[in-house]
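Trainee: Below: one structure in structure tokens.
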Amino acid sequence: DDGDFGRTDRKIARDQEKQEERAKRAQEKEKMLRENPDLASESKDRSHNEKKTEKNEKEKKEKRDKGQIEEEEDTDPIPSHKKLQKIGKGKQGKCYLVEMEDGTRALLKELQGGGRHAFKAEVKSLQRLRDTKAALAGNIPRFLGAGYKSRQVLMSYFPGSALPDSSLAPSLRRATPVVAASLRCWLDIANAVGEANELDVIHCDVNPWNLLVTDDYTSCCLVDWACAQHPSESAKGLPFKKRGDFQAQDLVDCHVGAYTDAFGAASTLLWLLARRTRKGLAEELQAGPESLANYFRSLRAELKHDEGESKNGQKEVEEEEEAGGRDPLPPEFLTTVASAVVQGMSEQRSERSSLKDLRAIVQRALAVLEPSKAG
């Protein structure tokens, strides 16, 4: 049939035209790259990266098909929202204040670069803790959704500032009610950490910079669970290259457990009371509770305030002095709260008190400070 031959001829002609067009574009590209060496280098790098990505995706698919890696799915997809403003930036990502469709505000955390492990740690931890008393009370961010491909985590928004940016610490240089408020704040966080530990979530980075407090000191929230570990899922903890001021040596030695967070909580209590770390009070901590209590006593007695104390704190102290002098804190209170710090910051895991015991000690100290509210 002449019609069939005609269609074949036209197809051959079209194919030939396409080949000629491709050859022409290839020649033009080759000429452009010769004239622009920088473009040639970029093109080569791009081609290399594309091949590398293709290879990685192929290997990942093969491993996933064999069951060697977990399937990453957005089982809790991030609800629709609108970004309002950036409110924080860290080593591994950024935080944004966002508005949900119902008008409520939330916090969106975007992890970037090498933050793959941090992202998975935070998502797993917040998912596990979302229905705890601490999360419902606002002492832990409540998980609202996550996107694995975008490495985004959506969580409840806490309207407070980091403890170092507030005027709460050092509370021992503030009026007695503020000292009591600082202990209540610490107890809320200690309860939250204890509840997380019971669910096999170890924060590993409890410190003042991860503790948010409201301006009136009535509410607080422990954030940044990106360093969290889950001991029952691995024989050994993930190594930390160096030890932070609020971290136990355990982390560097790859030992992780509830005792790890007990050290961080006790270190944060010391900073909350005196705005000092283990390095600054090494001798007092080594000497024992009475030595640390004496330091607390001297800090309380000083009338000359350091540069870091707020004007509000100065005003409160002056009002207290005008009302009949600055009453010294009960000796039993100072010794008791110092005991909690020393026992929680023991370098030996076997000698370190549990977080449950530390909470009991601080509750006793608070009862001494506020006898009318005890019981």
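FYI, this note's numbering numbers position 177 of the sequence shown as 181, with every residue one higher than the one before it. Virtual Cβ for every residue (Gly too), placed ideally from N, Cα, C. Since this is a predicted model, take the numbers as computed values, not measurements.
1) Do Leu176 and Phe300 have their C-beta atoms closer together than 8 angstroms?
2) By DSSP, does Val260 sit in helix, in strand, or in coil?
3) Could you tell me which of Ala179, Val260, Trp229 and His234 sits nearest to Phe244, measuring between CA atoms?
4) Could you check what DSSP says for Gln156 in three-state terms: helix, strand or coil?
5) If we ignore side chains and look at the alpha-carbon of each, how far apart do Gln2 and Glu58 end up?
6) Measure the C-alpha to C-alpha separation of Glu25 and Asn40 and round it to an integer number of angstroms.
7) Less than 8 angstroms between the C-beta atoms of Cys231 and Asp209, yes or no?
8) Could you pull out every residue in the same chain whose Cβ sits closer than 6 angstroms to the Cβ of Ala369, ignoring the five residues on either side in sequence?
9) Identify the residues that DSSP records as bridge partners of Val217: which are they?
10) Compare the beta carbon distance of Val217 and Ser295 with 8 angstroms and say whether it is the shorter of the two.
11) Classify Glu202 as helix, strand or coil using the three-state DSSP reduction.
12) So, Tyr152 versus Ala110, is the Cβ gap smaller than 8 angstroms?
13) Going by beta-carbon coordinates alone, are Gln156 and Ile82 separated by less than 8 angstroms?
14) For Leu362, which of helix, strand or coil comes out of DSSP?
15) Let me check understanding here. Comparing Cα to Cα, which of Ile206, Lys377 and Gly268 lies closest to Met349?
16) Taking the alpha carbon of Gln290 as the point to measure from, which residue in Asp80, Glu351, Lys246 and Met159 has its own alpha carbon closest?
17) Rounding to the nearest angstrom, what Cα-Cα distance links His207 and Gln31 in this structure?
18) Looking only at DSSP bridge pairs, what is Val102 linked to?
19) Just the Cα atoms here: how many angstroms apart are Gly142 and Cys225?
20) Among Ser84, Ala196 and Leu215, which one has its Cα closest to the Cα of Ala150?
21) Does Gln89 pass the burial test, meaning 16 or more other C-beta atoms within 10 Å, or should it be called exposed?
22) Which residues mark the beginning and the end of the beta strand (DSSP E) in which Phe147 is found?
23) Assign Asp192 to buried or exposed, taking buried as 16 or more other Cβ atoms, counted over all protein chains shown, within 10 Å of its Cβ.
24) Once DSSP output is grouped into helix, strand and coil, what is the label at Lys93?
25) Per DSSP, what are the beta-bridge partners of Leu380 in this structure?
26) Are the CB atoms of Leu115 and Tyr100 nearer to each other than 8 angstroms?
27) Are Arg282 and Asp257 closer than 8 angstroms when you measure CB to CB?
28) Buried or exposed, going by whether 16 or more other CB atoms sit within 10 Å of the CB of Glu287?
29) If Val345 sits next to Ala266, beta carbons under 8 angstroms apart, how far is it from one beta carbon to the other, in whole angstroms?
30) Could you tell me how far apart the beta carbons of Ala395 and Asn195 are, in whole angstroms, since I believe they sit closer than 8 angstroms?
31) Is DSSP giving Gln131 helix, strand or coil here?
32) Measure the alpha-carbon distance for Leu215 versus Leu167 and round it to whole angstroms.
33) On a CA-only basis, which of Trp213, Asp220 and Glu237 is nearest Gln251? Give me that one, please.
34) Rounded to whole angstroms, what's the CA-CA distance from Arg356 to Asp106? Just pull it up for me.
35) Please classify Glu237: is it buried, with 16 or more other beta-carbons within 10 angstroms of its beta-carbon, or exposed?
36) Do Leu273 and Arg280 come within 8 angstroms of each other at the CB atom, strictly closer than that value?
Mentor: Per the coordinate set shown:
1) yes
2) coil
3) Val260
4) strand
5) Outside the modelled stretch of the chain, which goes from 5 to 379, sits residue 2, for which no answer is possible.
6) 22 angstroms
7) yes
8) Phe337, Thr340 and Val341
9) Ser165 and Cys224
10) no
11) helix
12) no
13) yes
14) helix
15) Gly268
16) Glu351
17) 59 angstroms
18) Lys87 and Ala110
19) 6 angstroms
20) Ser84
21) exposed
22) Phe147 to Gly151
23) buried
24) strand
25) Since the displayed the chain opens at 5 and closes at 379, residue 380 lies outside it and no answer follows.
26) no
27) no
28) exposed
29) Contact flag wrong, Cβ pair sits at about 11 angstroms.
30) The chain is shown from 5 up to 379; residue 395 falls before or after that span and cannot be answered.
31) helix
32) 6 angstroms
33) Trp213
34) 47 angstroms
35) exposed
36) no
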